[in-house]
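One structure is given here, and the rest of the page talks about it.
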Amino acid sequence: MASVIFENVNKWFGKTKVLHNINLEIEESEFVVLVGPSGCGKSTTLRLLAGLEDITEGKIYINDKMVNFLEPQHRNIAMVFQNYALYPHKNVQENIIFGLKRAKASKDLIESRLDKASKMLQLQDLLDRKPAQLSGGQRQRVAMGRAIVRDADVFLYDEPLSNLDAKLRSQMRYEIRRIHREYQTTSIYVTHDQVEAMTLGDRVVVMRDGFIEQEGSPMDLYLKPKNIFVATFIGAPSMNILDAILYPGYIELEDQKLPLDKHLVKESIPPAGKKVKFGIRPDFFQDEQHASGSESLTTLKNVRIDIIEPLGYDRELNLQLGNQNLKARLDLRTVVKESETINLCFDMNRAHIFDIETEKNLTL
Amino acid sequence: MNRKRSLLQNIFLTLAILTVLFFCLFPFIQILSTSLKHQFDWGNPSLIPVKFNFDAYKELLGFVGSTEEQIPQTIKKLLDNPLITKEQREKILSKYISTSDVFPFPRFFLNTFLLSSSAASISLALAVFGAYAFSRLRFGGRTIIQRSTLFVYMVGGVMLMVPLYQMSVKVGLAKTVWGSLFSLLLIYIIQTLPVSLYMLGNYFRTIPYSIEEAATTDGCSRIQSIFLIIIPLSVPMLVTVFVYCFIIAWNEFLFASVFLKQYHNFHTLPLALQSLFVSKNAIWDRIMAASMLTLIPVVICFLFVMRHLSGGLAEGGVKE
Amino acid sequence: MELTPAQRESQLGWRLIAPCLGVIGLLIIYPIVYNIYLSFFDVKLTGDKIFIGLANYEKLLTDTAFYGSVLTTFIYLVGTVFGTTLVALLVALLMNLEFPLRSLVRTLILLPYFAPVISVVFGWQFIFDPVNGIYNHVVVEVLGIATERHNLIGEPKTALFVVIVFDIWKHFPISYLLIVSKLQSINKDHYEAAAIDGYGPFGRFIHVTLPELYFVLGTLIILRLIWNLNKFEDVFLLAPNVETLPIFTYYTAFTGIIDQGFAATISVVQFMVLSFLIYFYVKKVLRW
């Protein structure tokens, strides 16, 4: 295990700048997830650490040793690729122990490591097969096996699950967590799927357009997003972002005046009002009729129900307030029909208010 | 398009296919046939020899010594005369027996084989590293080099016959036998190198980068990954390129003639066959037999390559 | 100074390609330049040279043998390139149909291409031999087209015809391979749609197959032109009296009155034509 530090890392591809001032400190044995939409620079960041791309500006340290001038084979890292990248001409066993043989490990060590990894990933019966004879999930497990046998300082995962179907994906998430619990290696995991980010990461780093938008524990990001992008990226269904006008002491949302504690917002509010974006997660809505602790809750009245999506235990409601759309997630106690109206309650402390230009969260 | 063909269409189809096959294969059959015919039979349009004649093959392969049958009766009578001295006898005989040693096929075969395989091997070795460089490594000027491979490929050796010869003379190589052989080897390398680079470059580009990236993170240096990953994944292509270069060198006549004409023992097959044809020993069955013998190794290589050319070697390594 | 991985990769790239570049530079680039240089000299076989300026070029302009060779080359190129492409196209269309033993037939028709030239030229000479050859037997005795036996290869004019047929025979397989692989990639749906629109087999060929093949055919024609301009063995060994440019150059350089300077001049001209063809190929066909 090792610590990883990104210090003022900037990256250009030709004339295009793809990473802006990346600063990140990752501690030993941490499992950090880099998440963001396509093109945000998360894979590039990973590849810079791996040594597969050059660092244009800035430094990267592994265990306090600067690695800018080290080639990938000397950085003692292991990587799991999105498209598996197995050696097609070697069988599963040879694929897994390839790295160990490069490192001239002893036969006993190779055997014991191979044994441990193949048991953990259930590959014992597949050791003789060639990659072409394996399914996608099996191939990905071989790719992981190849990475974990090596006692590397850092594990890098580059969207390893994006080619698998949903069921396999949740199975593999479990495997990855088990591997981390067992091997405790510092891991950096790249994905565009925020569910993976939330379930796997000790810490999550949200990236966009080459910038780090926010980093923190999954719950931090969920409850305290710094801006609209993070707020809507994390959590599904996404946070509702509605147009509103902020006044001292209350906020006006579609002609409804909702009182709020003036300390909620960390800057002064002009008496004439300030246009803002109001954010509240669908999960935090409650049906007025079944709400608990209703004295401290704010109520949004007469929200029109557009479409109801039954999800089993929950219902997802697509609603309309004035001209704006929002979503709410309510449980089965709520019995409503489309085109009816409903009153929704929520805790104002769970809500967020975002500046309309900077998109920053004013309640933090 | 899955309608069944009418009988008439089937007849046309069969005729067309047979015509094409005939067009392609007739010369080969003709060569085989004539090589097995006695002299009286050569003018016979039928492809099947009236009486099979294996003498041509026997002689070429060195199984049979001289051909005393060539000596006309009158001369034989003359030779029986005890008054002729030994030198006179040998002089007369030499006019007729010279045929036996005039086409030592195995030696020419060996010459050509050694020259072609050396040239093909060296060409392949140079090309593997060169093609790897411009198809998988990033460096400045790479695109120019990639594009000029095609240009260099087309400016073949034939157009450079004068300067290449002059260069060899200038350096003094053309004066000695080994110098000439060396010049020829170099020329065969340069005639095959561009096409090897081109073919290997195209092939290497189809191997996914991520496999090599995995190898590097697994601890391989670039050179190691060439030997452990790229080459094993390219074996059919390497064989194809080797065979292609080998055949180009095997077929080559112009430069072999320019450099080796005076060194009979070192002639390559094309050169030797040509000399045979224009010499006084131009006998059809010998020539046809020699043609067959030069043909058979190439056909074997061809069949071998055909069987082993299968695509999708990188299958399984990477998610398509 | 320490190097980053990308810088090291760049260095390695140059190091690996250096031997090839060296060989190519020495044995192709330098000779091209040297050839141009030599064309301004009167060059002997021994290497002695006398500077004569543009005399070789002046000679070229008035040399009837040279123009004869140019004409021969032109006829040869036109005959072989179009012949090869046409035969390759027809055979490709034929092989695209399904019939029993197709893969065997497909392998067999490649044989002329892979056979060494030296192995087959004498067979061809035998076929056209006036005394023993089957061609004369068929033409005179069987079909009665001609009244007497001719040695086609003996006469340069008729030999040219034989050489062209030989080249078509030898080289159509490689063009055929390229066409057939393109043919097989044409979506079958296009044919179905055309059939529904009322086109018969010929109409489908014109409206579906040909447009898809334009690029391949264009490429093949240019490549064959370039390739055949450089051909030596295929012509010389069959009929040395057919003097295409390379053979004319060879005679000038190594036989008869040896004039290597003049031969160099001819090569320079050939090189210019070739460069033009290559440039045309690269710009028009490859669209670089």
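Protein chains in written order, with my numbering: chain A, 1 to 364; chain B, 1001 to 1320; chain C, 2001 to 2288.
In this text, a Cβ means the ideal position worked out from N, Cα and C, and glycines have one as well.
At least one CB of chain B closer than 8 Å to the CB of C:ASN2187: is that the case?
The residue given as residue 2187 of chain C occupies position 187 in the third sequence. Not an interface residue.
Counting pairs of beta carbons, one from the segment 1272 to 1287 of chain B and one from the segment 2117 to 2127 of chain C, are three or more of them closer than 8 Å?
yes
So within the segment 260 to 318 of chain A, which uninterrupted beta strand (DSSP E) runs reach at least 3 residues, ignoring any that extend past its ends?
274 to 280 and 298 to 310
Which of helix, strand or coil does DSSP assign to B:SER1257?
For the purposes of this step, residue 1257 of chain B is taken as residue 257 along the second sequence, with counting starting at 1. Helix.
If you drop the 5 nearest sequence neighbours on each side, which residues of the same chain put their C-beta closer than 7 Å to that of A:PHE278?
In the first sequence, the residue the question calls residue 278 of chain A occupies position 278. Once the five neighbours on either side are set aside, the close Cβ partners of A:PHE278 are LEU242, ALA244, ILE251, LEU253, ALA351 and ILE353.
Using a Cβ-Cβ cutoff of less than 7 Å, which residues in the same chain neighbour A:LEU200 once the five nearest sequence positions on both sides are dropped?
Taking the first residue of the first sequence as position 1, residue 200 of chain A is located at position 200. Answer for A:LEU200: PHE31, VAL33, ARG173, ILE176, ARG177 and TYR189, listed in chain order.
Neighbour flag for A:LEU52 against chain B, beta carbons, 8 Å
Counted from its first residue, the first sequence places residue 52 of chain A at position 52. Chain B contact via Cβ: present.
Name the residues in the segment 1243 to 1255 of chain B whose C-beta lies less than 8 Å from a C-beta of chain A; which are they?
none
When you compare each of A:GLN122, A:LYS116 and A:LEU164 to A:GLY136 by their alpha carbons, which one comes out closest?
On the first sequence, residue 136 of chain A is found 136 positions in, with the first residue counted as 1. Ranking A:GLN122, A:LYS116 and A:LEU164 by Cα distance to A:GLY136 puts A:LEU164 first.
Name, in chain order, the residues that DSSP records as bridge partners for A:HIS352.
Residue 352 of chain A sits at position 352 when you count from the first residue of the first sequence. DSSP lists A:GLY279 as partners of A:HIS352.
Verify the CB distance criterion: does C:PRO2130 have a CB-CB separation below 8 Å to chain B?
In the third sequence, residue 2130 of chain C corresponds to position 130, counting from 1. Chain B, which has no Cβ nearer than 8 Å to the Cβ of C:PRO2130, makes this no.
Would C:ILE2247 be called buried (16 or more neighbouring beta carbons within 10 Å of its own) or exposed?
The residue labelled residue 2247 of chain C in the question sits at position 247 within the third sequence. By the neighbour-count rule (16 or more Cβ atoms within 10 Å), C:ILE2247 is buried.
Could you tell me whether the Cβ of C:PRO2100 comes closer than 8 Å to any Cβ of chain B?
Working through the third sequence from its first residue, we reach residue 2100 of chain C at position 100. Answer no: the Cβ-Cβ gap between C:PRO2100 and chain B never drops below 8 Å.
For a contact meaning CB atoms closer than 7 Å, what does B:PRO1045 contact in chain C?
In the second sequence, the residue the question calls residue 1045 of chain B occupies position 45. Per Cβ cutoff of 7 Å: ILE2134 and HIS2137.
Could you list which residues in chain C have their beta carbon closer than 7 Å to that of B:TYR1188, in chain order?
Within the second sequence, the letter at position 188 stands for residue 1188 of chain B. The contacting residues do not exist; B:TYR1188 stays about 10 Å from chain C at best.
In this structure, does DSSP put A:LYS119 in helix, strand or coil?
Mapped onto the first sequence, residue 119 of chain A falls at position 119. In this structure, A:LYS119 counts as helix in the three-state DSSP scheme.
Rounded to whole angstroms, what's the CA-CA distance from B:GLN1224 to B:PRO1232? Just pull it up for me.
If you number the second sequence from 1, residue 1224 of chain B lands on position 224. If you number the second sequence from 1, residue 1232 of chain B lands on position 232. One C-alpha to the other measures close to 12 Å.
Rounded C-alpha distance that separates A:ILE5 from C:PHE2276:
By one-based count along the first sequence, residue 5 of chain A stands at place 5. By one-based count along the third sequence, residue 2276 of chain C stands at place 276. Cα-Cα distance, rounded: 57 Å.
When the distance is taken between beta carbons, is A:PRO131 closer than 8 Å to A:PRO88?
In the first sequence, the residue the question calls residue 88 of chain A occupies position 88. In the first sequence, the residue the question calls residue 131 of chain A occupies position 131. Yes, these two residues count as a Cβ contact at 8 Å.
Given a cut-off of 8 Å on the beta-carbon distance, is the pair B:LEU1254 and C:GLU2233 in contact?
The count along the second sequence starts at 1 and reaches residue 1254 of chain B at position 254. The count along the third sequence starts at 1 and reaches residue 2233 of chain C at position 233. Cβ atoms of B:LEU1254 and C:GLU2233: closer than 8 Å.
Extent of the continuous alpha helix (DSSP H) run through A:GLU196
Taking the first residue of the first sequence as position 1, residue 196 of chain A is located at position 196. Its alpha helix (DSSP H) spans residues 194 to 200.
is_contact[C:LEU2003, chain A] using C-beta, thresh 8 Å
Working through the third sequence from its first residue, we reach residue 2003 of chain C at position 3. Interface residue, yes.
Give a yes or no on whether 8 Å exceeds the smallest Cβ distance from A:PHE69 to chain C.
For the purposes of this step, residue 69 of chain A is identified with residue 69 of the first sequence, where counting begins at 1. Interface residue, yes.
Just to make sure I have the definition right: I need the residues of chain A whose C-beta is within less than 9 Å of the C-beta of B:ILE1011. Which are they?
Residue numbering aside, residue 1011 of chain B sits at position 11 when the second sequence is read from its first letter. Under the 9 Å cutoff, chain A gives no residues; its nearest Cβ is about 45 Å from B:ILE1011.
Measure the C-alpha to C-alpha separation of C:LYS2059 and C:ILE2222 and round it to an integer number of angstroms.
As a first step, residue 2059 of chain C must be located in the third sequence, where it is residue number 59. As a first step, residue 2222 of chain C must be located in the third sequence, where it is residue number 222. About 30 Å.
Against chain A, does B:ASP1055 count as a neighbour if the rule is that its beta carbon must be under 8 Å from one of theirs?
Stepping through the second sequence from its first residue, residue 1055 of chain B is reached at position 55. Output row for B:ASP1055: interface = no.
Report the residues of the segment 1267 to 1285 of chain B with a CB closer than 7 Å to any CB of chain C, ordered along the chain.
LEU1269, PRO1270, LEU1273, GLN1274, PHE1277 and TRP1284
Check whether the Cβ of B:SER1210 lies closer than 8 Å to any Cβ atom in chain A.
As a position in the second sequence, residue 1210 of chain B is number 210, starting the count at 1. Answer yes: the Cβ-Cβ gap between B:SER1210 and chain A drops below 8 Å somewhere.
In chain B, which residues lie with their C-beta within 7 Å of the C-beta of A:GLN73?
As a first step, residue 73 of chain A must be located in the first sequence, where it is residue number 73. Chain B residues near A:GLN73: THR1216, GLY1219, CYS1220 and SER1221.
If you draw a straight line from the C-alpha of B:PHE1129 to the C-alpha of B:HIS1267, how long is it?
Here residue 1129 of chain B is taken as the residue at index 129 of the second sequence, counted from 1. Here residue 1267 of chain B is taken as the residue at index 267 of the second sequence, counted from 1. Taking the straight line joining both Cα atoms gives about 32 Å.
When burial is assigned at 16 or more other CB atoms within 10 Å of the CB, is C:TYR2228 buried or exposed?
As a working note, residue 2228 of chain C is residue 228 in the third sequence. As written in the sequence, residue 2228 of chain C is Asn, which differs from the Tyr given in the question. Looking at its Cβ environment, which holds 16 or more other Cβ atoms inside 10 Å, C:ASN2228 is buried.
Checking 8 Å against the spacing of the C-beta atoms, do C:HIS2150 and C:ASN2132 come in under that value?
As a working note, residue 2150 of chain C is residue 150 in the third sequence. As a working note, residue 2132 of chain C is residue 132 in the third sequence. Contact flag unset, no.
Start-to-end residues for the beta strand (DSSP E) that takes in B:MET1154:
On the second sequence, residue 1154 of chain B is found 154 positions in, with the first residue counted as 1. Run containing B:MET1154: none in the beta strand (DSSP E); it sits in the alpha helix (DSSP H), 1142 to 1154.
Please confirm if A:ASN91 has its CB atom under 8 Å from at least one CB of chain B.
Along the first sequence, one-based indexing puts residue 91 of chain A at 91. It does not: the Cβ of A:ASN91 has no partner Cβ on chain B nearer than 8 Å.
By the 8 Å beta-carbon criterion, what residues does the segment 1124 to 1142 of chain B contribute toward chain C?
LEU1126, ALA1127, PHE1129, GLY1130, TYR1132, ALA1133, PHE1134, LEU1137, ARG1138, PHE1139, GLY1140 and ARG1142
From C:THR2158 to B:ILE1207, what distance separates their C-alpha atoms?
As a working mapping, residue 2158 of chain C is identified with position 158 in the third sequence. As a working mapping, residue 1207 of chain B is identified with position 207 in the second sequence. Each residue's alpha carbon lies about 50 Å from the other.
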